[in-house]
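Line by line, the protein sequences give chains X and D.
The numbering of the first sequence is the working numbering, which starts it at 1497 and goes up by one.
The numbering of the second sequence is the working numbering, which starts it at 120 and goes up by one.
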Amino acid sequence: MTGWISLLASALAGYWFLQALGIAGSAAPGRLGLVLRACLGAGLGLGLSSCIFSVLLWAGWGTPPAVLAANLALAAAALLLRRRGASQQPPAQGPRAGSLLWVLRAAGAATIALLVVSWAVTTEASPHGDWDAFWIWNLRAKFLAGGQASWHHAVSAHWGRVQLGATHPDYPLLLSGLVAQLWMLSGGMDPWHAAAVSLLFALLTAGLLLAALAWLRQEALGWLAVLLLVSSELFASQVAAQYADIPLAFYMLGCAVMLSAAGREPESGAPWLAAGAYAGPAAWTKHEGIVFFLLALGWTAWRRRARPLLHFLLGAAPGIALLGVFKLFIAPLSVGFFPSRLGEALAKLADPARWGMIARSYAQALWDMGPWWAHPIALVLLCLWAAGWAEKQRRKDAWVLLLPAGMLAADFLVYLITTADLGWHLGTSCNRLWLQVWPTLLFGAFLAAGPWPEAQARAAQRSRDRRDQTPGRRSPRR
Amino acid sequence: MRRREDPDKRRQRRIRIVSGLAVLASLAAAVRSADIAAELARRSPDPFRIGAAVLGFSPLASRLPAGEVVGYLTDLPPGDRAIVAFVQAQYALAPRLLRRLPVEPSPRWAVGRFSRPLDAAAWGAPHGYVVEQDFGGGIVLFRRASR
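If you want it as structure tokens, here you go:
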């Protein structure tokens, strides 16, 4: 219980930090504004908490009282900043929901409930998760939870030598650090804690997708995106696996949302700061997150001038600085998939068979996202066909799709030059690379979609309200 | 003469139909996914038998200090079975770190994971270990012999 109280404190810290920055303060309507801030805040707080936990371990203070005190201090600091920060504006009122929106809400809630049931059934049967969970993420969490006596085993090259290429002692520690905190503070190693962290990130991802689209577009589009995300086999099958891909997907989505929001407030530095604050934890979650951080950084540098770039770097600083120390001094890369000679890399790049094999694997991963009769990509395209494109100015927001596209291209390149057996490499990771970018792809696709009928209802409502507020007019409903 | 339908109304109707389709298809896909998960859970719960290993090693784990480096002995030839057996033991005994013997310097304790009944003492002796306790089920705790 103490472990969860500690993580709750860090989640609240993230929430209050965002409030202090004025992120999504009054922009998101009604309860969904609260969902948006809660999801963004919890993810930010958990990321910071994991960073602090690692620093405590490296500094020799990795004891339960120190970990608990650090999380409580983080929450206290955030609360102080929030009080000194921007004044809180009342949230905007949401539109009256039409019947279509209620149907989407009910269906979305039902698919989320089914996801939770699936997670519970699978976790009951396999509480320690799938292979990578008990051989990488949770095993390292056990080492970290042992505190000063054992944390260094989590980055031990000896452990990595058991099965070269599959253990990753050099992988960053965000997920393992969170699970380790729970275990350390609860005084046991209950596998349900690790499973609950996995479910938490899945729900945060769905909640963020919903609320971010409701904020930047419409609630109906948010629910549609959640329906497609949660019902896809790709996402649903991985929640109980307890891997780091869903947390990484969450941080990628958080960064993409903030970069989209930044386009709307070019004068404010806060969204850029927040975008960096999600790109940092992404890099602290998995190596693919480092590529994502570089892509987001490159995009920020290309689109804007120095100030947004500085804000972005400032936001990413905790995660990136920690990663730098980790890679330089704690766990230098020990398991390399890259050729040591340029000639070898060029020969692999020039091999058409490799291109074909990777392309087939990408296509297979796409096909396996869901059953053919409910394939999420087909449903996204159908939605875009029905709604058409958003107006030109809004359609520009969909540039965010370049981030997942860049990730998939970078992954393709890694497969091309990998020194590991290509069949094994593709077979063990390709679908999870799609999972990492899947929420951001949905977010970008629905940003590009035209308005759903709810918008017309809202516009009509607004026009009625405006008429009602005109002096000398009375509302027909009053 | 037939009146042409308002394009906006047509668009709205199209959106409603597509929304309905998306809702039905997604719900059906979510039910199918839950079904598959339940079937998998029923047919092959804990396929790598990690839970059983945690249970099996727990009496031995209580004898070993947390964080200790521990030697590992097995009769399994290198291959997938040997890897799975090692992974089970390592996960069950973490936060202790298992290292395959021989290791320099020799850890104070070693764990044996054997696939069949055998003379465990004969397996430990070449590495300088004596049997401390046989926990049954092929799980043996060795202690480094005093020199």
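Ideal Cβ positions, reconstructed from N, Cα and C, are used throughout, including at glycine.
Host alpha helix (DSSP H) of residue 77 (chain D) (start-end): Outside the modelled stretch of chain D, which goes from 120 to 266, sits residue 77 (chain D), for which no answer is possible.
What do you reckon, are the CB atoms on residue 1645 (chain X) and residue 160 (chain D) nearer than 8 angstroms? Translated into the one-based positions of the first sequence, residue 1645 (chain X) becomes position 149. Translated into the one-based positions of the second sequence, residue 160 (chain D) becomes position 41. The answer is no: Cβ separation not under 8 angstroms.
Can a CB atom of chain X be found closer than 8 angstroms to the CB of residue 131 (chain D)? Taking the first residue of the second sequence as position 1, residue 131 (chain D) is located at position 12. So yes, residue 131 (chain D) belongs to the interface.
Along chain D, which residues have their Cβ under 8 angstroms away from the Cβ of residue 1949 (chain X)? Within the first sequence, the letter at position 453 stands for residue 1949 (chain X). Chain D residues near residue 1949 (chain X): 131, 134 and 135.
Here's the rule I'm using: 16 or more other beta-carbon atoms within 10 Å means buried, otherwise exposed. How should residue 259 (chain D) be labelled? As a first step, residue 259 (chain D) is located in the second sequence; it is residue number 140 there, counting from the start. By the Cβ-count criterion, residue 259 (chain D) is buried, with 16 or more other Cβ atoms from all chains shown falling within 10 Å of its own Cβ.
In angstroms with no decimal places, state the Cα-to-Cα distance between residue 1846 (chain X) and residue 1925 (chain X). Sequence index remark: in the first sequence, residue 1846 (chain X) carries index 350 (1-based). Sequence index remark: in the first sequence, residue 1925 (chain X) carries index 429 (1-based). A direct Cα-Cα distance of roughly 23 angstroms separates residue 1846 (chain X) from residue 1925 (chain X).
For residue 193 (chain D), write down the residues that DSSP places opposite it in a beta bridge. Mapped onto the second sequence, residue 193 (chain D) falls at position 74. DSSP, once it has assigned bridges, lists D:232 as partnering residue 193 (chain D).
Would you report the Cα separation of residue 1905 (chain X) and residue 1855 (chain X), rounded to the nearest angstrom? The sequence position of residue 1905 (chain X) within the first sequence is 409, counting from 1. The sequence position of residue 1855 (chain X) within the first sequence is 359, counting from 1. Computed Cα separation, rounded: 11 angstroms.
Just the C-alpha distance for residue 1947 (chain X) and residue 1713 (chain X), rounded to the nearest angstrom, thanks. On the first sequence, position 451 is the one that residue 1947 (chain X) refers to. On the first sequence, position 217 is the one that residue 1713 (chain X) refers to. The straight-line gap from Cα to Cα measures roughly 8 angstroms.
By DSSP, does residue 252 (chain D) sit in helix, in strand, or in coil? The count along the second sequence starts at 1 and reaches residue 252 (chain D) at position 133. Three-state DSSP puts residue 252 (chain D) in a strand.
Opposing strand residues paired with residue 1735 (chain X) [DSSP bridges]: For the purposes of this step, residue 1735 (chain X) is taken as the residue at position 239 of the first sequence. DSSP output for residue 1735 (chain X) lists no bridge partner at all.
Cβ separation of residue 1870 (chain X) and residue 148 (chain D), assumed to be a contact under 8 angstroms, to the nearest whole Å: Here the question's residue 1870 (chain X) lines up with position 374 in the first sequence. Here the question's residue 148 (chain D) lines up with position 29 in the second sequence. Yes, they are in contact, since the Cβ atoms of residue 1870 (chain X) and residue 148 (chain D) sit about 4 angstroms apart, within 8 angstroms.
Quick one: does residue 235 (chain D) have its CB under 8 angstroms from some CB of chain X? By one-based count along the second sequence, residue 235 (chain D) stands at place 116. Chain X, which has no Cβ nearer than 8 angstroms to the Cβ of residue 235 (chain D), makes this no.
DSSP three-state call for residue 1708 (chain X): helix, strand or coil? Taking the first sequence and counting its residues from 1, one reaches residue 1708 (chain X) at position 212. It is helical.
May I have the straight-line CA-CA distance separating residue 130 (chain D) from residue 1505 (chain X), to the nearest angstrom? The residue given as residue 130 (chain D) occupies position 11 in the second sequence. The residue given as residue 1505 (chain X) occupies position 9 in the first sequence. Looking at the two C-alpha atoms, the distance is approximately 47 angstroms.
Distance between residue 1848 (chain X) and residue 1917 (chain X) (C-alpha atoms, nearest Å): The residue given as residue 1917 (chain X) occupies position 421 in the first sequence. The residue given as residue 1848 (chain X) occupies position 352 in the first sequence. Going by the C-alpha atoms only, they are around 16 angstroms apart.
Distance cutoff 8 angstroms, beta carbons only. Does residue 1953 (chain X) sit that close to anything in chain D? Here residue 1953 (chain X) is taken as the residue at index 457 of the first sequence, counted from 1. Bear in mind that a pLDDT of 49 at residue 1953 (chain X), under 50, signals an unreliable position, so the number given afterwards is only what the model happens to contain. Between residue 1953 (chain X) and chain D, the shortest Cβ-Cβ separation is not below 8 angstroms.
Reducing DSSP to helix, strand and coil, say where residue 185 (chain D) ends up. Counting from one through the second sequence, the residue named residue 185 (chain D) turns up at place 66. Of the three classes helix, strand and coil, the one that applies to residue 185 (chain D) here is coil, per DSSP.
Cβ closer than 7 angstroms: which chain X residues qualify as neighbours of residue 199 (chain D)? Working through the second sequence from its first residue, we reach residue 199 (chain D) at position 80. Those do not exist, as residue 199 (chain D) stays about 10 angstroms from chain X at its closest Cβ, beyond 7 angstroms.
Check each candidate in X:1638, X:1861 and X:1867 and name the one with the smallest Cα separation from residue 145 (chain D). Against the second sequence, residue 145 (chain D) aligns to sequence position 26. Nearest Cα to residue 145 (chain D) within the set X:1638, X:1861 and X:1867: X:1867.
Give a yes or no on whether 8 angstroms exceeds the smallest Cβ distance from residue 176 (chain D) to chain X. Within the second sequence, the letter at position 57 stands for residue 176 (chain D). No - not a single Cβ of chain X is within 8 angstroms of the one on residue 176 (chain D).
What distance in whole Å lies between the Cβ atoms of residue 1932 (chain X) and residue 1745 (chain X), which are believed to be in contact at a cut-off of 8 angstroms? For the purposes of this step, residue 1745 (chain X) is taken as residue 249 along the first sequence, with counting starting at 1. For the purposes of this step, residue 1932 (chain X) is taken as residue 436 along the first sequence, with counting starting at 1. With a Cβ gap of about 5 angstroms, residue 1745 (chain X) and residue 1932 (chain X) count as contacting.
Helix, strand or coil at residue 1519 (chain X) [DSSP, three-state]: Your numbering for residue 1519 (chain X) matches position 23 in the first sequence. Reduced to three states, the DSSP call for residue 1519 (chain X) is coil.
Neighbouring residues, chain X, relative to residue 185 (chain D) (Cβ below 9 angstroms): Mapped onto the second sequence, residue 185 (chain D) falls at position 66. Under the 9 angstroms cutoff, chain X gives 1642, 1643, 1645 and 1646.
May I have the straight-line CA-CA distance separating residue 1874 (chain X) from residue 1728 (chain X), to the nearest angstrom? By 1-based counting over the first sequence, the position of residue 1874 (chain X) is 378. By 1-based counting over the first sequence, the position of residue 1728 (chain X) is 232. One C-alpha to the other measures close to 12 angstroms.
Alpha helix (DSSP H) segment containing residue 1651 (chain X), residue limits: Taking the first sequence and counting its residues from 1, one reaches residue 1651 (chain X) at position 155. No alpha helix (DSSP H) contains residue 1651 (chain X), which DSSP labels as neither H nor E.
Which residues mark the beginning and the end of the beta strand (DSSP E) in which residue 263 (chain D) is found? Mapped onto the second sequence, residue 263 (chain D) falls at position 144. Here the beta strand (DSSP E) through residue 263 (chain D) covers 258-263.
Report the partner residues of residue 1885 (chain X) according to the DSSP bridge assignment. What you label residue 1885 (chain X) is simply residue 389 of the first sequence in a count that begins at 1. According to DSSP, residue 1885 (chain X) bridges with X:1945.
Can you give the Cα-Cα distance for residue 128 (chain D) and residue 134 (chain D), rounded to whole angstroms? Against the second sequence, residue 128 (chain D) aligns to sequence position 9. Against the second sequence, residue 134 (chain D) aligns to sequence position 15. If you take the alpha carbons of residue 128 (chain D) and residue 134 (chain D), they lie about 10 angstroms apart.
Which one or two residues does DSSP pair with residue 1540 (chain X) in a beta bridge? By 1-based counting over the first sequence, the position of residue 1540 (chain X) is 44. Residue 1540 (chain X) pairs with nothing; no bridge assigned.
Taking 8 angstroms as the cut-off, decide whether the C-beta atoms of residue 1542 (chain X) and residue 1577 (chain X) are in contact. For the purposes of this step, residue 1542 (chain X) is identified with residue 46 of the first sequence, where counting begins at 1. For the purposes of this step, residue 1577 (chain X) is identified with residue 81 of the first sequence, where counting begins at 1. It is not a contact, given that the beta carbons lie outside the stated cut-off.
Could you check whether residue 1758 (chain X) and residue 1812 (chain X) sit closer than 8 angstroms to each other, using their CB atoms as the reference points? Locating residue 1812 (chain X) in the first sequence gives position 316, where the first residue counts as 1. Locating residue 1758 (chain X) in the first sequence gives position 262, where the first residue counts as 1. Result no, Cβ atoms of residue 1812 (chain X) and residue 1758 (chain X) do not sit closer than 8 angstroms.
What are the complete alpha helix (DSSP H) segments, minimum 4 residues, inside the region 1557-1645 of chain X? As far as the region 1557-1645 of chain X is concerned, its whole alpha helix (DSSP H) runs of at least 4 residues are 1560-1580, 1595-1621 and 1634-1641.
Applying a beta-carbon distance threshold of less than 8 angstroms, which residues of chain D neighbour residue 1563 (chain X)? Numbered from its first residue, the first sequence carries residue 1563 (chain X) at position 67. The contacting residues do not exist; residue 1563 (chain X) stays about 16 angstroms from chain D at best.
Just confirm the distance between the C-beta atoms of residue 1715 (chain X) and residue 1528 (chain X), as a whole number of angstroms; I'd bet it's less than 8 angstroms. If you number the first sequence from 1, residue 1715 (chain X) lands on position 219. If you number the first sequence from 1, residue 1528 (chain X) lands on position 32. Residue 1715 (chain X) to residue 1528 (chain X), Cβ: 6 angstroms. Contact.
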